[in-house]
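Enquirer: This is the structure, below, for whatever I ask next.
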Amino acid sequence: APFQKTVAAVADGDGTDPYAAYLVYDTFTDTTGVHLHDHVPEKAPVGAPWTDYPGGYTIQTNKAATPSAADRQYEGIDAGVADATMECDVTFPNPAKTIGLVGRLSDANHCWFYVIHSTGVARIYNDNAGFTQIGSSGSTVFTPGTTYHFRVVTSGNSHSFYIDGNLEVSLTDQVYNNA
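First residue of the sequence shown: 26, per our numbering; consecutive thereafter.
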């Protein structure tokens, strides 16, 4: 396919693509202050830039940073699949606010949120033209100012949310399971 040929382009002179295993890969390496929708990831599907939902994120010291203290500020990039594994390092802000990953995002009203809630508890929310908490860990309280490794696995109607390698929330749900 033409996309695969583009992705397999020689990146380091020996014919290998260092991002071949990824649908999207971004280290947020850019000039501080660049808006995320103007930033180009190391790898993303052709024509799939970061999109504001409502967003406003900028690059700050090679990290994507939210511009406000408000919850539900997010950016999205279309990986083109519903079933995937997403991973990133997230610093739980101080003062605390809800922060995390968004999956299966098709528009501002249809997606899944995998977050550390502002109360310090891991949660999964579904936004299917209405915001609903589907699962909560209730067992681990996270500390503002600390960086955690998030890993989300979506497959069919199954959603698993790991933090620092520990499964915090796992559930199955029939609502909005497409990309």
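Note that beta-carbon positions come from the ideal geometry of N, C-alpha and C, so glycine has one too.
1) Starting from Tyr-187 and walking both ways along the beta strand (DSSP E), at which residues does that stretch end?
2) Using a 10 Å radius around the Cβ and a threshold of 16 neighbouring Cβ atoms, would you call His-64 buried or exposed?
3) Under 8 Å: do the segment 145-160 and the segment 70-79 share three or more Cβ pairs, one atom per stretch?
4) Please state whether DSSP places His-16 in a helix, a strand or coil.
5) State the DSSP-derived secondary structure class of Trp-137, mapped to helix, strand or coil.
6) Using a threshold of 9 Å, state whether the C-beta atoms of Asp-51 and Pro-70 are closer than that.
7) Alpha carbon to alpha carbon, what distance is there between His-60 and Ala-90?
8) Check each candidate in Gly-170, Gly-58, Ile-188 and name the one with the smallest Cα separation from Arg-81.
9) Report the rounded CA-to-CA distance for Gly-170 versus Asn-119, giving the unit in angstroms.
10) Hey, how far is the Cα of Tyr-139 from the Cα of Asp-42?
11) Does the beta-carbon of Glu-219 have 16 or more other beta-carbons within 10 angstroms, so that it is buried, or is it exposed?
12) From the DSSP output, read off the bridge partner residues of Phe-156.
13) Can you tell me where the beta strand (DSSP E) holding Ala-109 begins and where it ends?
Expert: Put simply:
1) Position 162 of the sequence shown holds residue 187. Per DSSP, Tyr-187 belongs to the beta strand (DSSP E) from 183-188.
2) Locating residue 64 in the sequence shown gives position 39, counting from the first residue. Classification for His-64: buried.
3) no
4) Any answer about residue 16 is impossible in this case: the structure gives the chain only from 26 up to 204.
5) Translated into positions along the sequence shown, residue 137 becomes position 112. Here Trp-137 sits in strand by DSSP.
6) Taking the first residue of the sequence shown as 1, we reach residue 51 at position 26. Taking the first residue of the sequence shown as 1, we reach residue 70 at position 45. For Asp-51 and Pro-70, no; Cβs fall outside 9 Å.
7) In the sequence shown, the residue the question calls residue 90 occupies position 65. In the sequence shown, the residue the question calls residue 60 occupies position 35. When rounded, the distance between both Cα atoms is 10 Å.
8) On the sequence shown, residue 81 is found 56 positions in, with the first residue counted as 1. Residue identity differs from the one stated: residue 81 is Gly in this sequence, not Arg. When each option's Cα is compared against that of Gly-81, the closest is Gly-58.
9) Here residue 170 is taken as the residue at index 145 of the sequence shown, counted from 1. Here residue 119 is taken as the residue at index 94 of the sequence shown, counted from 1. Whole-angstrom Cα-Cα distance: 5 Å.
10) Taking the sequence shown and counting its residues from 1, one reaches residue 139 at position 114. Taking the sequence shown and counting its residues from 1, one reaches residue 42 at position 17. Those two C-alpha atoms are separated by around 30 Å.
11) Missing from the structure shown is residue 219; the chain here goes from 26 to 204 and no further.
12) Numbered from its first residue, the sequence shown carries residue 156 at position 131. Bridge partners of Phe-156: Asp-152.
13) The residue given as residue 109 occupies position 84 in the sequence shown. Unbroken beta strand (DSSP E) run through Ala-109: 109-116.
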